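Take a look at the structure set out below.
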Amino acid sequence: MSVIEKVKTGIPGFDDLLFGGIPKRNIVLLSGGPGTGKSIFGQQYLYYGLQQGEPGVLVALEEHPVQVRRNMAHFGWDIKKYEDSGQFAIVDAFTGGIGEAAKREKYVVTSIDDVGELVDVVKTAIRDVKAERVVIDSVSTLYMSKPAVARSVMMQLKRVLSGLGATSILVSQVSVTERGFGGPGVEHAADGIVRLDLDEVNGELVRSLIVWKMRGTKHDMKRRPFDITDKGIVVYSDKVIKLRGTMYSGE
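Residue numbers (this note's numbering): 1 to 251.
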């Protein structure tokens, strides 16, 4: 029986929940409401890969690439040297090429509504840097106004990303009260689903995550608390969150 190769996220505590990491080439949907830490999770995953010599691509759909670099630097993740050496690329799918800063970007999607163009630019960036890790932030931007195409957009991206050998995280926006994962059918197209939440527990907001599914590996089935520190996300894999009660530690 062949051993499934796994990709470590490098997020403290999280790889324990997947018994070593994300199975290689998996497409993971990272869904959650506003302020849950989805973008930080994706950026941390990419930066850890760069430190391990694994090139990466970040597709920015909701933030200016300049802001993305600034946000990453806030955690001490300096990506400039990796961009300069051709190991890391940001695909600008936010500005449409408008503005002085945008003109300096190497990979620009001029028509945000054109999924075909986006796929082509992403494909070029992945091939150029030989990316092993890809993060799209956020994939729901591509079908927010047209939910009916959500599944086909996901399948299109999955064919490209898996085909080029990347292990990818697709950030998906959901409203605070929404039970789903952001778009009809997308959860079936994804190989894995991780849900990040921010809930009120005993009068204070608590961050937690749960792995809903992950093809190719067994995974933890409990809701685990996590924090966002000045070095990024830390998951407490030995603690459990009960949303209607209190947190208790240990198993």
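Even glycine gets a Cβ: it sits at the ideal position worked out from N, Cα and C.
Just so you know, these numbers come straight off a predicted model, no measurement behind them.
Cut-off 6 Å between Cβ atoms - residues of its own chain near residue i, not counting five sequence neighbours on either side
{"i": "residue 12", "result": "234"}
{"i": "residue 208", "result": "197, 223, 225, 241"}
{"i": "residue 10", "result": "48"}
{"i": "residue 168", "result": "27, 134, 161"}
{"i": "residue 131", "result": "55, 56, 57, 166"}
{"i": "residue 101", "result": "66"}
{"i": "residue 251", "result": "Summary for residue 251: the model assigns pLDDT 39, below 50, so the residue's position carries little reliability; its value from the coordinates is reported in the next sentence. Closer than 6 Å at the Cβ level, and outside the excluded window around residue 251, lies no residue."}
Beta-carbon gap between residue i and residue j smaller than 9 Å
{"i": "residue 7", "j": "residue 21", "result": "yes"}
{"i": "residue 192", "j": "residue 211", "result": "yes"}
{"i": "residue 137", "j": "residue 58", "result": "yes"}
{"i": "residue 43", "j": "residue 71", "result": "yes"}
{"i": "residue 61", "j": "residue 139", "result": "yes"}
{"i": "residue 160", "j": "residue 126", "result": "yes"}
{"i": "residue 79", "j": "residue 50", "result": "yes"}
{"i": "residue 174", "j": "residue 33", "result": "yes"}
{"i": "residue 194", "j": "residue 31", "result": "yes"}
{"i": "residue 40", "j": "residue 75", "result": "yes"}
{"i": "residue 18", "j": "residue 188", "result": "no"}
Whole-number beta carbon distance between residue j and residue i, since they are thought to touch under 8 Å
{"i": "residue 65", "j": "residue 88", "result": "Going by Cβ atoms, the distance from residue 65 to residue 88 rounds to 12 Å, so no, they are not a contact pair."}
{"i": "residue 108", "j": "residue 92", "result": "5 Å"}
{"i": "residue 164", "j": "residue 106", "result": "With a Cβ gap of about 18 Å, residue 164 and residue 106 do not count as contacting."}
{"i": "residue 216", "j": "residue 23", "result": "3 Å"}
Three-way DSSP call (helix, strand, coil) for residue i in this model
{"i": "residue 251", "result": "A caution first: residue 251 carries a pLDDT of 39, below 50, which makes its placement in the model unreliable, though a value can still be read off. Three-state result, residue 251: coil."}
{"i": "residue 246", "result": "The pLDDT assigned to residue 246 is 44, lower than 50, so where the model puts this residue is not dependable; a value taken from the coordinates is nonetheless given after this. Residue 246: coil per DSSP, three-state reduction."}
{"i": "residue 75", "result": "coil"}
{"i": "residue 55", "result": "coil"}
{"i": "residue 66", "result": "helix"}
{"i": "residue 239", "result": "strand"}
{"i": "residue 3", "result": "coil"}
8 Å CB neighbourhood of residue i in its chain, flanking five on each side removed
{"i": "residue 110", "result": "96, 97, 117"}
{"i": "residue 248", "result": "Confidence is the limiting factor: at residue 248 the pLDDT is only 43, short of 50, which leaves the residue's position unreliable and the question unanswerable from this model."}
Own chain, CB closer than 7 Å to residue i, minus 5 neighbours either side, in chain order
{"i": "residue 245", "result": "Reliability fails at residue 245, whose pLDDT of 44 lies under 50, so the model's placement of it is uncertain and no value is given."}
{"i": "residue 68", "result": "58, 60, 90"}
Every unbroken alpha helix (DSSP H) inside the region 80-147 [4 residues or more]:
Segments of the alpha helix (DSSP H) lying fully in the region 80-147: 80-84, 115-129.
Enumerate, from N- to C-terminal direction, the unbroken beta strand (DSSP E) stretches of 3 or more residues contained entirely within the region 161-223.
167-173, 192-201, 204-214
Report the residue ranges of all alpha helix (DSSP H) runs contained in full by the region 6-40; include only those spanning at least 4 residues, in chain order.
14-17
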